[in-house]
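Notes to accompany the following structure.
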Amino acid sequence: MSMEIENNGGPQVSHRLTPVEADVARRLQEDIPLVERPFQKIAEEIGLTEAEVLTIADGLRTQGIIRKFGAIVRHQLAGYTRNAMVVWAVPPAQLDDVGKRLASFPEITHCYDRAPAFEGKYTLFTMVHFRQDADEDLLGRIAVAAGVGDYKLLRSIEEFKKISMEYF
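For the sequence shown, our numbering begins at 204 and goes up steadily by one.
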């Protein structure tokens, strides 16, 4: 599962963070509490209101200081022991539609369009997680549902390191 908010092409400005902005940014780069209102919990930890934390975070995003905010799910802990990248040959005019169809599958956690790679035709890249060895049948069903017949399965051999960047 992946949730991302990106500041694609937003304003990039030089800004010295206030101590409160730095506290919020520092806390947001740590693990988010798994509670019903995580930003309220964070606010309590740093002595602010939930609304203040959200306003500061949005301001940092608008200024280009926070460019991406995302969740990292440890898929192995959820029972998915194998993963693979799958690259799909999708015409540019169909990228949005096919990307949405692919992203609707729970086994797919990331879906990105990229410059054509591998023989100059694979433009959609997905990360697919399996409970056992790469399930070719499942992948075939996904391909049919997405309307894409040309794809390549690139298996992960080893995961070296998975950590979030820390800036503060």
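Even for Gly, the Cβ is constructed at its ideal location relative to N, Cα and C.
Option nearest residue 290 by Cα separation, candidates 281, 280, 313 = 313
Cβ neighbour criterion (16 or more within 10 Å) applied to residue 249 | Residue 249 counts as exposed, since fewer than 16 other beta carbons sit within 10 angstroms of its beta carbon.
How would you write the range of the beta strand (DSSP E) that residue 331 sits in, first residue to last?
-> 325 to 333
Same chain only: Cβ atoms within 8 Å of residue 212, ignoring 5 sequence neighbours per side | In this predicted model, residue 212 has a pLDDT of only 48, less than 50, meaning its place in the structure is not dependable; the value taken from the coordinates is given anyway. Excluding sequence neighbours, residue 212 sits near nothing in its chain.
When 292, 344, 284, 316 are compared against residue 361, the one with the closest alpha-carbon = 284
State the Cα-Cα distance for the pair residue 251 and residue 223, rounded to the nearest angstrom.
-> Rounded to the nearest angstrom, the gap between the Cα atoms of residue 251 and residue 223 is 9 Å.
Under 6 Å from any heavy atom of the ligand COA, does the C-beta of residue 310 make it?
-> Judged by which ligands are present, the structure shown has none, so any question about the ligand COA falls away.
Can you tell me whether residue 238 is buried or exposed, with buried defined as 16 or more other CB within 10 angstroms of its CB?
-> exposed
With 16 other CB atoms within 10 Å as the buried threshold, where does residue 305 fall?
-> buried
Sub-7 Å separation of residue 227 and residue 242 beta-carbons = Taking 7 Å as the cut-off, the beta carbon of residue 227 is found no closer than this to the beta carbon of residue 242.
Hey, does residue 252 have any beta-carbon neighbour from chain C nearer than 7 Å?
-> Considering every chain present, this structure includes no chain C. It has just one protein chain.
6 Å Cβ shell around residue 331 - same chain, five flanking residues per side excluded = 287, 289, 310, 311
Would you mind sorting residue 214 into buried or exposed? The rule is 16 or more other CB atoms within 10 Å of its CB.
-> Its pLDDT being 44, under 50, residue 214 is placed unreliably by the model, and the measurement read from it follows with that caveat. Exposed, because fewer than 16 other Cβ atoms sit within 10 Å of the Cβ of residue 214.
Mind checking who residue 283 pairs with in its DSSP beta bridge?
-> DSSP lists no partner for residue 283.
Exposed or buried, what is residue 351 when buried is set at 16 or more other beta-carbons lying within 10 Å of its beta-carbon?
-> buried
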